[in-house]
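These protein sequence lines map, in sequence, to chains A and B.
Going by this note's numbering, the first sequence opens with residue 11, and the numbers climb by one from there.
Going by this note's numbering, the second sequence opens with residue 11, and the numbers climb by one from there.
C-beta atoms are modelled at their ideal positions from N, C-alpha and C, and glycine is treated no differently.
Number of protein chains: 2
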Amino acid sequence: MMPNRPDESKSDKKPPLLPVDQALAAILALLPQTNTITKPLDKALGFTLADDLVAVLTLPPQAVSAMDGYAIRAADVTSFPCKLTRIAESAAGHPWTGKIGAGQAVRVFTGAAIPDGADTIVIQEDVDPVAEQDNVEITVRSAEIAGRYIRPAGLDITAGQVILPAGTLLSARAIGLAIAAGLTQASVRLRPRVGVLSTGDELVSPGELPGPGQIISSNASFLANFVTACGAEAVDLGIARDVPGAMLDAVRRASNLDLVVTTGGASVGTHDHIVSDLGSSGQNALHFWKIAMRPGKPLISGNVDGIPLVGLPGNPVSTAVCALVFLRPAIAHMVGGTASLRQFSMPLAVDLDVNDQRQDYIRAQITTKDGVQMIMPAPRQDSSMMSVLAMANALIVRPPFDPAKAAGEFVSVIPLPDLC
Amino acid sequence: MMPNRPDESKSDKKPPLLPVDQALAAILALLPQTNTITKPLDKALGFTLADDLVAVLTLPPQAVSAMDGYAIRAADVTSFPCKLTRIAESAAGHPWTGKIGAGQAVRVFTGAAIPDGADTIVIQEDVDPVAEQDNVEITVRSAEIAGRYIRPAGLDITAGQVILPAGTLLSARAIGLAIAAGLTQASVRLRPRVGVLSTGDELVSPGELPGPGQIISSNASFLANFVTACGAEAVDLGIARDVPGAMLDAVRRASNLDLVVTTGGASVGTHDHIVSDLGSSGQNALHFWKIAMRPGKPLISGNVDGIPLVGLPGNPVSTAVCALVFLRPAIAHMVGGTASLRQFSMPLAVDLDVNDQRQDYIRAQITTKDGVQMIMPAPRQDSSMMSVLAMANALIVRPPFDPAKAAGEFVSVIPLPDLC
Chain A
11 MMPNRPDESK
21 SDKKPPLLPV
31 DQALAAILAL
41 LPQTNTITKP
51 LDKALGFTLA
61 DDLVAVLTLP
71 PQAVSAMDGY
81 AIRAADVTSF
91 PCKLTRIAES
101 AAGHPWTGKI
111 GAGQAVRVFT
121 GAAIPDGADT
131 IVIQEDVDPV
141 AEQDNVEITV
151 RSAEIAGRYI
161 RPAGLDITAG
171 QVILPAGTLL
181 SARAIGLAIA
191 AGLTQASVRL
201 RPRVGVLSTG
211 DELVSPGELP
221 GPGQIISSNA
231 SFLANFVTAC
241 GAEAVDLGIA
251 RDVPGAMLDA
261 VRRASNLDLV
271 VTTGGASVGT
281 HDHIVSDLGS
291 SGQNALHFWK
301 IAMRPGKPLI
311 SGNVDGIPLV
321 GLPGNPVSTA
331 VCALVFLRPA
341 IAHMVGGTAS
351 LRQFSMPLAV
361 DLDVNDQRQD
371 YIRAQITTKD
381 GVQMIMPAPR
391 QDSSMMSVLA
401 MANALIVRPP
411 FDPAKAAGEF
421 VSVIPLPDLC
Chain B
11 MMPNRPDESK
21 SDKKPPLLPV
31 DQALAAILAL
41 LPQTNTITKP
51 LDKALGFTLA
61 DDLVAVLTLP
71 PQAVSAMDGY
81 AIRAADVTSF
91 PCKLTRIAES
101 AAGHPWTGKI
111 GAGQAVRVFT
121 GAAIPDGADT
131 IVIQEDVDPV
141 AEQDNVEITV
151 RSAEIAGRYI
161 RPAGLDITAG
171 QVILPAGTLL
181 SARAIGLAIA
191 AGLTQASVRL
201 RPRVGVLSTG
211 DELVSPGELP
221 GPGQIISSNA
231 SFLANFVTAC
241 GAEAVDLGIA
251 RDVPGAMLDA
261 VRRASNLDLV
271 VTTGGASVGT
281 HDHIVSDLGS
291 SGQNALHFWK
301 IAMRPGKPLI
311 SGNVDGIPLV
321 GLPGNPVSTA
331 VCALVFLRPA
341 IAHMVGGTAS
351 LRQFSMPLAV
361 DLDVNDQRQD
371 YIRAQITTKD
381 GVQMIMPAPR
391 QDSSMMSVLA
401 MANALIVRPP
411 FDPAKAAGEF
421 VSVIPLPDLC
């Protein structure tokens with residue numbers, strides 16, 4: 011059934027393994043940035059700024075009270091208790107525009123403009139008013155130092171200042187800041203259109219019943235959702251069979267792709283045609299790497315008709331770990347940002363054996379034992395076990411040749427993003 | 011301009027402060043769950059399972075190879091090197107259905123069904139074949155123990171097994187698992203419709219130029235995006251002015267709300283009408299709390315016409331921190347899940363003073379100093395400073411009365427969710 015093929019297994023015997031960081035750097039170097047578009051800020055959640063965002067307004071525009079209380083002159087409250095006359099009220103949205111004189115106080119609420127002449131706020135907890143109305147006597151029992159509880163103009167931001175640099179991922183809090191600063195729109199990078207292609211003769215589509223030797227193509231569903239969770243737009247390229255040209259055909263049927271991600275077809279098995287397809291597409295930026303990582307050794311980086319391609323391994327857990335390690339930063343890079351897969355130091359709940367030459371990404375659960383947060387590796391780490399990955403909330407990252415670790419020793423932990 | 015009002019400041023003097031955990035528990039207790047809906051799994055990213063998800067298929071359905079290599083009988087490879095005859099090939103999607111006999115080997119690739127009669131895989135790195143074709147001699151140089159590199163049927167999941175329990179947030183990896191298990195849809199809870207109302211006479215809408223004493227209503231934009239980032243649907247209720255009934259009117263104009271979130275109007279200032287509006291709506295589950303936290307002391311929990319309401323403070327940073335601490339878990343609770351704001355232990359980059367009676371949420375940056383990850387508090391912590399919050403990537407959480415801490419001592423850190 012299969013034609014004779016050159017013996018790849020011999021030439022691939024014990025090749026040098028590429029460190030993860032080097033592979034990632036090489037992949038990112040091949041990726042262009044997407045075009046920019048102007049978006050209303052209220053539709054910009056999850057987009058990345060293409061340009062610095064510059065404040066239009068100064069905040070606060072004038073000195074304002076940080077507390078509910080009374081605006082006074084510090085010179086009037088040198089001994090306690092002391093009595094002042096409340097002459098007016100200044101509230102956020104209802105500023106009082108007069109000037110405060112000796113022995114006078116103005117009732118203020120948080121955010122209210124400080125009246126001319128006042129230099130101090132006494133908080134209402136330190137004041138006994140005769141009544142909550144103007145032209146009554148108030149008794150100040152104590153006061154903080156002059157200037158306390160006053161927010162000077164420009165404390166937060168100043169008009170003309172860069173408030174958010176290019177490359178910032180627009181979070182809710184970043185959008186709140188930009189809107190407060192007088193902005194209504196921003197220049198952001200378009201979401202990359204990422205074609206997702208699964209490869210393999212053994213795959214059937216979701217909803218079909220697999221026959222003998224067949225499995226459902228779940229990696230494509232995973233990757234489409236993963237790509238969406240990373241802020242990109244997923245384009246379903248279907249399933250490419252294990253025949254020459256199938257990958258090229260699938261990619262060429264789609265339009266306007268910024269990136270192609272394949273899954274499967276990157277082992278050294280001789281059934282894999284992606285590498286030869288890439289070679290025949292006339293591009294020369296082809297890499298077929300064995301990465302010093304587990305799971306996920308084989309990885310392809312190349313481009314097809316000028317579109318960058320990342321080929322992930324086909325075992326579901328390898329696909330997912332490589333997506334986190336390579337695809338998530340790739341998508342962030344294409345919009346001019348960085349994807350932080352932050353690592354935290356955490357004590358092991360159990361012992362771990364010495365590690366070999368591959369960087370290990372161990373599926374694990376952050377857990378609490380006797381009130382202390384610990385990291386518990388899943389007992390089985392087979393790269394075909396999707397159930398273990400789905401229930402994991404973190405990965406332990408062990409560098410190559412990490413010595414054996416005892417329970418209680420600290421290891422590096424990546425909490426898995428909620429939606430990835 | 012303002013009518014006389016009872017003196018709230020006297021009666022509110024030094025009230026007991028409610029611990030954060032108690033306030034959160036009280037809020038969650040008032041929240042019903044949303045209705046369920048059946049969603050196709052490929053549209054279900056970010057939804058939460060209403061029911062357990064049960065596997066339709068067993069995975070793998072039969073024993074398969076975990077590696078590229080040769081399927082053999084362990085009894086045939088007791089000394090090395092030894093010679094066998096390759097009689098066939100079994101690949102994922104192309105199973106070989108014969109039975110292997112003494113001295114025979116079948117070429118297998120990762121995921122291929124193990125032929126009848128074989129009990130061991132030798133990896134291709136340990137084999138020298140005469141050629142990559144059937145009916146040739148292969149030389150096995152060494153082999154692992156019997157059963158190695160074979161994935162037994164059901165290693166990952168078994169038909170009928172609960173693979174994802176109710177309450178699971180559907181991540182890309184969870185969806186991948188469910189699709190692999192033969193499912194195409196799931197029962198999930200509807201996204202809560204969350205009405206966002208900002209209150210205050212000082213507010214103008216985004217795009218308007220603020221006059222004297224006015225500021226742009228940025229909290230509503232923040233909250234709408236925050237709510238979206240938490241997987242809910244934001245409904246803009248506009249700005250309620252500081253007059254009796256304005257909040258009620260705004261809520262009653264909207265339809266099918268599951269939750270109302272207000273911002274501002276929860277200080278002890280006498281301009282605040284939300285509490286009295288809630289009282290007049292005939293509901294009795296009204297709480298006006300002072301929470302033992304900073305920022306964000308004042309908080310309202312109640313309901314309006316039967317719709318739960320959470321009233322957040324008006325300072326933007328107080329709004330954001332209270333949204334993380336109360337609103338995010340509230341939304342997760344309404345879909346039957348939990349929102350993990352995981353805390354990590356991390357050394358301080360600088361000294362911190364003793365804390366007072368309020369739980370402190372300090373805006374901070376996770377940073378690296380001399381190769382060690384540390385947490386650096388922002389130098390100013392004023393609750394009006396949106397710029398500090400927007401550039402923060404974490405909060406330090408200090409319990410009430412936490413003693414002074416020196417640089418290098420460990421504190422509890424919440425990394426801020428990327429989109430919140």
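Any chain A beta carbon closer than 7 Å to residue i
| i | result |
| --- | --- |
| residue 238 of chain B | yes |
| residue 235 of chain B | yes |
| residue 328 of chain B | no |
| residue 55 of chain B | yes |
| residue 354 of chain B | yes |
| residue 161 of chain B | yes |
| residue 105 of chain B | yes |
| residue 223 of chain B | yes |
| residue 255 of chain B | no |
| residue 247 of chain B | no |
CB of residue i within 7 Å of CB of residue j, strictly
| i | j | result |
| --- | --- | --- |
| residue 65 of chain A | residue 195 of chain A | no |
| residue 317 of chain A | residue 200 of chain A | no |
| residue 436 of chain A | residue 296 of chain A | Since the displayed chain A opens at 11 and closes at 430, residue 436 of chain A lies outside it and no answer follows. |
| residue 407 of chain B | residue 393 of chain B | no |
| residue 57 of chain A | residue 214 of chain A | no |
| residue 90 of chain B | residue 101 of chain B | no |
| residue 372 of chain A | residue 231 of chain B | no |
Test: residue i CB closer than 7 Å to a CB of chain B
| i | result |
| --- | --- |
| residue 396 of chain A | yes |
| residue 267 of chain A | no |
| residue 118 of chain A | no |
| residue 212 of chain A | yes |
| residue 420 of chain A | no |
| residue 302 of chain A | no |
| residue 164 of chain A | no |
| residue 323 of chain A | no |
| residue 52 of chain A | yes |
| residue 92 of chain A | no |
| residue 228 of chain A | yes |
| residue 216 of chain A | yes |
| residue 102 of chain A | yes |
| residue 28 of chain A | no |
| residue 232 of chain A | yes |
Where the alpha helix (DSSP H) through residue i begins and ends
| i | result |
| --- | --- |
| residue 329 of chain B | 326–332 |
| residue 383 of chain A | Note, residue 383 of chain A: premise wrong, no alpha helix (DSSP H); beta strand (DSSP E) at 382–387. |
| residue 339 of chain A | 338–344 |
| residue 312 of chain A | Unbroken run through residue 312 of chain A is the beta strand (DSSP E), 308–314; no alpha helix (DSSP H). |
| residue 234 of chain A | 228–239 |
| residue 257 of chain A | 256–263 |
Residue i, enclosing beta strand (DSSP E) - first and last residue
| i | result |
| --- | --- |
| residue 129 of chain A | Note, residue 129 of chain A: premise wrong, no beta strand (DSSP E); not H, not E. |
| residue 151 of chain A | Careful: residue 151 of chain A lies outside any beta strand (DSSP E) and carries neither H nor E. |
| residue 186 of chain A | Careful: residue 186 of chain A lies outside any beta strand (DSSP E), inside the alpha helix (DSSP H) at 182–190. |
| residue 81 of chain A | 79–82 |
| residue 356 of chain A | 354–357 |
| residue 428 of chain B | That residue, residue 428 of chain B, is in no beta strand (DSSP E); it is neither H nor E in DSSP. |
| residue 267 of chain A | Per DSSP, residue 267 of chain A belongs to no beta strand (DSSP E) and is neither H nor E. |
Cβ-heavy atom distance, residue i to the ligand ZN, below 6 Å
| i | result |
| --- | --- |
| residue 174 of chain A | Summarising the ligand content, the structure contains no ligands, and the ligand ZN is consequently not present. |
Using Cβ-Cβ distances below 7 Å, what residues of the stretch 399–412 of chain B are close to chain A?
Answer in chain order: 399, 400.
Below 8 Å, can you find three or more Cβ-Cβ pairs linking the stretch 75–87 of chain A to the stretch 124–143 of chain A?
yes
Short-range partners of chain B found in the stretch 183–205 of chain A, where Cβ spacing is below 7 Å:
Among the residues of the stretch 183–205 of chain A, those with a Cβ less than 7 Å away from any Cβ of chain B are 183, 184, 185, 186, 187, 189, 190, 192, 194, in the order of the chain.
For the 8 Å Cβ check, are there 3 or more pairs between the stretch 203–214 of chain A and the stretch 245–258 of chain A?
yes
Would you list, in chain order, the members of the stretch 124–156 of chain A that have their beta-carbon closer than 8 Å to a beta-carbon of chain B?
134, 135, 137, 138, 139, 141, 142, 143
Taking 8 Å as the cut-off, does the stretch 396–405 of chain B touch the stretch 312–332 of chain B (at least 3 CB pairs, one atom from each stretch)?
yes
For the 8 Å Cβ check, are there 3 or more pairs between the stretch 332–348 of chain B and the stretch 373–388 of chain B?
Output reads no: the stretch 373–388 of chain B does not touch the stretch 332–348 of chain B.
Would you list, in chain order, the members of the stretch 333–346 of chain B that have their beta-carbon closer than 9 Å to a beta-carbon of chain A?
333
Could you run through the stretch 166–181 of chain B and flag, in chain order, every residue whose CB is less than 9 Å away from some CB of chain A?
166, 167, 171, 173, 174, 178, 179, 180, 181
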